[in-house]
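Visitor:
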Amino acid sequence: MSMLHKFHGGVHPPTHKEQSTRTAIATLPIPAKLVIPFHQHVGNIAKPLVQVGDYVLKGQLIGMPEDGISSAIHASTSGTISEIGMQVVAHASGLPDLCATLLPDGKDEWIPKTGMDFRSAAAADVRQVLRLAGVVGLGGAVFPSDLKLRAGKHKVKTLVLNGAECEPYITCDDMLMRERADEIIKGAEIMRWALEAEQVLVGIEDNKPQAIAAMEQAALASTDDIKVVAVPTLYPGGGAKQLIRVLTGIEVAAGVRSTEKGVQCFNVATAQAIYRAVQFGEPLVSRIVTITGNVREPQNLEVLIGTTVQDVVDYAGSLPDTDGYIMGGPMMGLPLPGATVSIVKAANCIIASSPKIFPAPPPAMPCIRCTRCAEVCPAELQPQDLYWFAKSKEFGKAQEFSLFDCIECGACSYVCPSHIPLVQYYRFAKSEIWSRESEKNSADAARDRFEFREYRIEREKQEKAEKLAAKEKAAAEAKLAAAKLAEAQAATSVTPPPMTEAQAKIQAAIEQAKLQAAAVKPKNTEQLTPQQLAEIAEIEARRAHIHELASTDTEPPNGHDKNQ
Amino acid sequence: MLSALLVMSGIAIVLGAVLGFAAIKFRVEGNPLVEKIDAILPQTQCGQCNYPGCKPYATAIAAGEADINRCPPGGEEGIQKLADLLGVEFKPFGGETNAPKPKSVAFIDENTCIGCTLCIQACPVDAITGAAKQMHTIISQECTGCELCLAPCPVDCISMELIEENISNWKWKYPVYALKVAK
Amino acid sequence: MSAFFSPFISKPDSVSAIMLKVLLALLPGIALYVWYFGPAILVSISLASITAVATEAAMLKLRNRPIAPFLKDNSALLTGWLLALSIPPLAPWWLVVVGTAFSIAIAKHLYGGLGNNPFNPAMIGYAVLIVSFPVQMTHWIGPHGLGEVELSFLQQLQYIFSSVLPEGIKFDAVTMATPLDTLKTQLHLALPVSEILTQPIFGRLAGHGSEMVAVGFLIGGLYLLATRIISWHLPVAYLGTLFAIAGIFHLVDPTHYVEPLFHWFSGAAMLGAFFILTDPISSPTTHKGKLIFAAGAGLITYLIRVYGAFPDGMAFATLLMNICVPLIDAYTQPKVFGKKEGKS
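Protein chains in written order, with the working numbering: chain A, 1 to 564; chain B, 1001 to 1183; chain C, 2001 to 2344.
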């Protein structure tokens, strides 16, 4: 076994994992109603393809991935779409998002599925299959997997499978590895093939001996170079960057893609989903969810995407003193806005909380700069400084102190003797900075548009002036030419005058030209009928009105229309 | 005595030369202060400051002709930034300046629009599309919410719609400091 | 759910518990203090504690802050104890009271209270006292068996509270200069170090009695290190620098400069290394910064002891280095994950 590396800091919170690993993964019966959000992944929201009243089959595409980073959404079972609208979803904001409500018919009838033999296919085709199967990172990041399987211009040497599962309470990956290790390994083979990686390292924390044994067994059957590595139990050792560091010694800085360093990392559950999607053509319509905390029977369940949290909790047996639900673990999890929200692809764990399990933290005291947070920070930041800057809203300073390298693991808040909600300050600062940046960008865009408009108006004015000048010049030239002509005529008729008389000659020529011009009269103005005269008067009046309108720019030209 | 004089004048000459050289070498073209002020202003080009756009207002501030509290879209934060930049006291909104409003974008009721193009001419950032006798519409991503299109509309079909909080523009809130609660 | 945001769990630790452990760690030193110098120190500690807590409560009230959680944090108590341990036990009661009140009210609360004081409050109190009341601040009682006259505890109490000594006993007779002070004055008389150290006031390493108190503080400090309340950087860099510079001077001229261990175990060096410099609020946060900070304090301590006007330099060294903390922190920011040089 290769030498393991260490990452800085880390904490050892009580794991509480044993309570949900006593029974095998059960399948939750099809609930009476599914609420399927169209935005369950990083990137653009999927475009709805169904309408209210449509009958859909299990695995039918109901949300089409839109541009670039996006993923597909499917009907989790067969039934009828009863509603498409805004519903509260599992999001920290507690705000509604676009969801499809599906009333299952209980038949659970699949669409025709077609698997593929990936080895004889092109990698791009496999990626397209995954995109349309809605496979995203199931460790919680929900980044579209097809995009992560593109090595790009960098050679990916190592594929890391993340089975560390470092967060307390969560055991869905543990149980999946115990029960479906072969599927995970087969998924790893597909990923290794797509990335053309040389080796596969499966990192599993050493508090899961059964999972390690099962995975080692399954890896034996593979022809690929797949190594199962037990890593020390240390939160947040399951963070992608931390696990990559521990297994390979490579540090992937914030804002750097791990492929640039020759590594790519996937969750084990994602590997299994990739296998199901490629081998059987099964889109991602269910996932393993740990239901634990304040429930009668903590366990792992295979749950259809869109099942409400209430259904999951009821199955495990809800207890009366439950005061809320957390999606994810106690370190990084999300407090849910209610039990009505549905299980999404990111939902690896639901913890029913009670005042006994998660007692209220003591009131926050001032920071005493004890640097316990800095000692445990896996990103090697100075959380006490970041806190200071975030608190005083010195966002520029916070960025200078690498705020965006923070992975929000919560280790700092966990050890803080003053019980300061540090991570919350960082989230606040980050989202403030993002919003300011986007405001700045739109202000810059507005400035550009405004300046271009000014320039355009100026240019138009100039062009108009130029045109006018050209016209005037042409007119003047014509006049001059006419004068010359007249002069020439005069010269031919009269003896060449002395130089002193030239002025008078020109004057005379002009007079003559004027006379000539006056002599030219419209021939059709004489002997007009009264009818024609009236018509002309009307036209003249209209013309005058238009002139008047044109000269006063306050009055709109179609103010006339309005009056009609 | 003489040497002291010589040394002092020598230093003066050298420093003067350095300053003169620096003045030529590091000469700044244009008025950087106006640019800096303009960068702080929100670029709505709304004219609520009584200047025909953000740049003229910035120029006026730089020239000391205008107060820093005349820009409602910039909010109090904008005033604070200007105060920091210029090293002057913060000044709250007041007097003839409107109070800042929540961010909103214009919306054209397409059933009422007669296609007169007046709003298109009024829009300082070209955020309205349409042609004569064709209905117009707002490109809401480009709209700065300046409200300049409201007045010219002969049929009053333009309204301002608040930008409501949704999942994509939602922000994490400042943590409530639990200390006071503990009392 | 109790917390609104993750993480929902936290380590059962608190500022109050940390401060309590530091107070506990002071006990061995205090016990040895009582053993060698009598129980008068307990009187000053009690006075300091009462003043500290009362001032803290008054200031919190004035600043309109919740009183209970801050009084429970034990930080005021710690400031009081540290100040009491730095000033002569047989000092008039008001000396302790004025010093402690100044520490808490001015040096702590006027800067924003817990977590915001740029200087170590106890050392500010000490500095104010030694500048304002140099006479009272330099008269220490000697260890048992050394003074001309030894006062009973009752007589000490009477002196502390009414400044009245038993008839026929002069103040000079019950007090004596500290070992550091004695060393300094006698070096001025051009006596060689070896001769000075033969006097009964000196013990095996440094001052008789006081060296054992220093050992007590060392034991407490090791407890703090073991429980990871403090990091090793500060005491190691401080004592290391003090040892190194004293060693160099001693090697160059042993007749003029005492050996480094004398410096370790005399004055406030041990107390300072483990209890004063390690005040997290007024010391740097980075590892490198802590090393620089403590090394600077060690250097200044030595320079003040050897060349300065005051017998001990711990307090001023701490305060001078406190000033530099923001600068030190700014220049010693460590590289973050993945952004270190030399690593790919």
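Glycine included, C-beta positions come from ideal geometry on N, C-alpha and C.
Comparing the C-beta of B/ASN1111 with each C-beta of chain A, is any distance below 8 Å?
Guide: For the purposes of this step, residue 1111 of chain B is taken as the residue at position 111 of the second sequence. By this cut-off, B/ASN1111 is not an interface position.
Visitor: Using the Cα positions of A/ALA509 and A/ALA475, report the straight-line distance between them to the nearest angstrom.
Guide: Taking the first residue of the first sequence as position 1, residue 509 of chain A is located at position 509. Taking the first residue of the first sequence as position 1, residue 475 of chain A is located at position 475. Each residue's alpha carbon lies about 17 Å from the other.
Visitor: With a cut-off of 8 Å on the beta carbons, I'd call A/ALA61 and A/LEU49 a contact; round off their distance for me.
Guide: As a position in the first sequence, residue 61 of chain A is number 61, starting the count at 1. As a position in the first sequence, residue 49 of chain A is number 49, starting the count at 1. Reading the sequence as shown, one finds Leu at residue 61 of chain A and not Ala. At roughly 6 Å, the Cβ-Cβ gap stays under 8 Å, so A/LEU61 and A/LEU49 are in contact.
Visitor: Output yes if chain B places a C-beta closer than 8 Å to the C-beta of A/GLU432; else output no.
Guide: Mapped onto the first sequence, residue 432 of chain A falls at position 432. For A/GLU432, the answer is yes, since a Cβ of chain B falls inside 8 Å of its Cβ.
Visitor: Of all the CB atoms in chain C, is at least one closer than 8 Å to the CB of A/ALA26?
Guide: Taking the first residue of the first sequence as 1, we reach residue 26 of chain A at position 26. Output row for A/ALA26: interface = no.
Visitor: When you compare the CB of A/PHE358 with every CB in chain B, is at least one pair closer than 8 Å?
Guide: As a working mapping, residue 358 of chain A is identified with position 358 in the first sequence. Taking Cβ atoms only, chain B never reaches closer than 8 Å to A/PHE358, which makes this a no.
Visitor: Does DSSP put A/PRO37 in a helix, a strand or coil?
Guide: Position 37 of the first sequence, counted from the start, is the residue given in the question as residue 37 of chain A. Three-state DSSP puts A/PRO37 in a strand.
Visitor: Verify the CB distance criterion: does A/ARG427 have a CB-CB separation below 8 Å to chain B?
Guide: Sequence index remark: in the first sequence, residue 427 of chain A carries index 427 (1-based). It does: the Cβ of A/ARG427 has a partner Cβ on chain B nearer than 8 Å.
Visitor: Quick check: the Cα distance between A/ALA254 and A/PRO383, rounded to an integer number of angstroms?
Guide: As a working mapping, residue 254 of chain A is identified with position 254 in the first sequence. As a working mapping, residue 383 of chain A is identified with position 383 in the first sequence. Rounded to the nearest angstrom, the two C-alpha atoms are 16 Å apart.
Visitor: From the DSSP secondary-structure annotation, give me the bridge partner or partners of C/TRP2094.
Guide: Taking the first residue of the third sequence as 1, we reach residue 2094 of chain C at position 94. Bridge partners of C/TRP2094: none, in fact.
Visitor: Let me know if B/ALA1178 comes out buried or exposed under the rule of 16 or more other beta-carbons within 10 Å of its beta-carbon.
Guide: Position 178 of the second sequence, counted from the first residue, corresponds to residue 1178 of chain B. Caution is warranted here: a pLDDT of 46 is assigned to B/ALA1178, below 50, making its placement in the model unreliable, and the coordinate value is therefore given only provisionally. With 16 or more Cβ atoms within 10 Å of its Cβ, B/ALA1178 is classed as buried.
Visitor: Kindly indicate which residue of A/TYR235, A/SER342 and A/PRO355 has the alpha-carbon position closest to the one of A/ASP321.
Guide: Mapped onto the first sequence, residue 321 of chain A falls at position 321. A/ASP321 has its Cα closest to that of A/PRO355, out of A/TYR235, A/SER342 and A/PRO355.
Visitor: Mind reading off the beta-carbon distance from A/PRO362 to A/HIS419? Whole number of angstroms is fine, and I expect it under 8 Å.
Guide: Taking the first sequence and counting its residues from 1, the one referred to as residue 362 of chain A is at position 362. Taking the first sequence and counting its residues from 1, the one referred to as residue 419 of chain A is at position 419. Yes, A/PRO362 and A/HIS419 are in contact; Cβ-Cβ is about 5 Å, under 8 Å.
Visitor: Can you check whether the CB of C/ILE2106 is closer than 8 Å to the CB of C/VAL2096?
Guide: As a working mapping, residue 2096 of chain C is identified with position 96 in the third sequence. As a working mapping, residue 2106 of chain C is identified with position 106 in the third sequence. Contact flag unset, no.
Visitor: Using a C-beta to C-beta distance shorter than 7 Å, which residues of chain A count as neighbours of B/TYR1174?
Guide: Taking the first residue of the second sequence as 1, we reach residue 1174 of chain B at position 174. Result: PHE428.
Visitor: Hey, does B/LYS1171 have any beta-carbon neighbour from chain A nearer than 8 Å?
Guide: Against the second sequence, residue 1171 of chain B aligns to sequence position 171. Answer yes: the Cβ-Cβ gap between B/LYS1171 and chain A drops below 8 Å somewhere.
Visitor: Applying a beta-carbon distance threshold of less than 7 Å, which residues of chain C neighbour A/ASP405?
Guide: Counting from 1 along the first sequence, the entry for residue 405 of chain A is found at position 405. Ordered by position in chain C, the residues that pass the 7 Å Cβ test against A/ASP405 are VAL2336 and PHE2337.
Visitor: For A/PRO557, does the count of other Cβ atoms within 10 angstroms reach 16, so buried, or fall short, so exposed?
Guide: Translated into positions along the first sequence, residue 557 of chain A becomes position 557. Confidence at A/PRO557 is low in this model, with a pLDDT of 41, below 50, so its placement is unreliable and the value that follows should be read with caution. Its Cβ having fewer than 16 others within 10 Å, A/PRO557 is exposed.
Visitor: How is A/VAL88 classed by DSSP in three states: helix, strand or coil?
Guide: For this step, residue 88 of chain A is matched to residue 88 along the first sequence. In this structure, A/VAL88 counts as strand in the three-state DSSP scheme.
Visitor: How about A/THR290 and A/ASN348: are their beta carbons less than 8 Å apart?
Guide: Your numbering for residue 290 of chain A matches position 290 in the first sequence. Your numbering for residue 348 of chain A matches position 348 in the first sequence. Cβ atoms of A/THR290 and A/ASN348: closer than 8 Å.
Visitor: Against chain C, with Cβ distances strictly below 8 Å, would A/MET331 count as a contact?
Guide: Here residue 331 of chain A refers to the residue found at position 331 when the first sequence is read from its first residue. Judged by the 8 Å Cβ criterion, A/MET331 is in contact with chain C.
Visitor: Taking the straight line between their C-alpha atoms, what separation do you get for A/ALA164 and A/MET177?
Guide: In the first sequence, the residue the question calls residue 164 of chain A occupies position 164. In the first sequence, the residue the question calls residue 177 of chain A occupies position 177. Near 11 Å, if we compare the C-alpha coordinates of A/MET177 and A/ALA164.
Visitor: Pick helix, strand or coil for A/GLN264, following the three-state DSSP scheme.
Guide: One-based indexing of the first sequence puts residue 264 of chain A at position 264. Strand at A/GLN264.
Visitor: A/ALA481 to A/GLU460, Cα distance in whole Å?
Guide: Translated into the one-based positions of the first sequence, residue 481 of chain A becomes position 481. Translated into the one-based positions of the first sequence, residue 460 of chain A becomes position 460. Between A/ALA481 and A/GLU460, the C-alpha separation is close to 31 Å.
Visitor: Could you check the C-alpha separation between A/PRO180 and A/GLN217 for me, to the nearest Å?
Guide: The residue labelled residue 180 of chain A in the question sits at position 180 within the first sequence. The residue labelled residue 217 of chain A in the question sits at position 217 within the first sequence. As written in the sequence, residue 180 of chain A is Arg, which differs from the Pro given in the question. Rounded to whole angstroms, A/ARG180 to A/GLN217 spans 11 Å at the Cα level.
Visitor: Under DSSP, the alpha helix (DSSP H) around C/ASN2322 begins and ends at which residues?
Guide: Looking up residue 2322 of chain C in the third sequence gives position 322. Run containing C/ASN2322: 2314-2331, per the alpha helix (DSSP H) assignment.
Visitor: Who are the neighbours of A/MET116 on chain C, taking C-beta pairs under 7 Å?
Guide: Numbered from its first residue, the first sequence carries residue 116 of chain A at position 116. Near A/MET116 there are no residues of chain C at all, since even the closest Cβ is about 37 Å away, more than 7 Å.
Visitor: List the residues of chain A whose Cβ lies closer than 7 Å to the Cβ of C/LYS2011, in chain order.
Guide: Indexing the third sequence from 1 puts residue 2011 of chain C at position 11. Within chain A, the residues near C/LYS2011 are TYR414 and VAL415.
Visitor: I'd like to check one pair, A/PHE428 with B/TYR1174: are the Cβ atoms closer than 8 Å?
Guide: As a working mapping, residue 1174 of chain B is identified with position 174 in the second sequence. As a working mapping, residue 428 of chain A is identified with position 428 in the first sequence. Yes, the pair counts as a contact, with Cβ atoms nearer than the cut-off.
Visitor: Taking the beta strand (DSSP E) that C/SER2044 falls in, what are its first and last residues?
Guide: For the purposes of this step, residue 2044 of chain C is identified with residue 44 of the third sequence, where counting begins at 1. Looking at the DSSP string, C/SER2044 is not in any beta strand (DSSP E); the run it does join, the alpha helix (DSSP H), is 2040-2062.
Visitor: Consider the Cβ of B/ILE1163: report whether some Cβ of chain A lies at a distance smaller than 8 Å.
Guide: As a first step, residue 1163 of chain B is located in the second sequence; it is residue number 163 there, counting from the start. Output row for B/ILE1163: interface = no.
Visitor: Could you list the residues in the stretch 373-388 of chain A with a C-beta less than 9 Å from some C-beta on chain C, going in chain order?
Guide: Cβ contacts with chain C: ALA374, GLU375, CYS377, PRO378, ALA379, GLU380, LEU381, GLN382, GLN384 and ASP385.
Visitor: Report all residues from its chain with a CB closer than 6 Å to the CB of C/PHE2153; omit the five preceding and five following residues, and keep chain order.
Guide: Start at 1 with the first residue of the third sequence, and residue 2153 of chain C comes out as number 153. The residues are PRO2039.
Visitor: Taking just the CA atoms, how far does A/VAL52 sit from B/CYS1113?
Guide: Here the question's residue 1113 of chain B lines up with position 113 in the second sequence. Here the question's residue 52 of chain A lines up with position 52 in the first sequence. Going by the C-alpha atoms only, they are around 32 Å apart.
Visitor: Taking C/THR2285 as the query, report the chain A residues whose CB atoms sit under 8 Å from its CB, ordered along the chain.
Guide: Residue numbering aside, residue 2285 of chain C sits at position 285 when the third sequence is read from its first letter. By Cβ distance, chain A contributes ARG369, THR371, ALA374, GLN382, GLN384 and ASP385.
Visitor: Which whole-angstrom value describes the C-beta separation of B/GLY1185 and B/ALA1132, a residue pair presumed to lie in contact below a C-beta threshold of 8 Å?
Guide: Past the edges of chain B, shown from 1001 to 1183, lies residue 1185 of chain B, and the structure says nothing about it.
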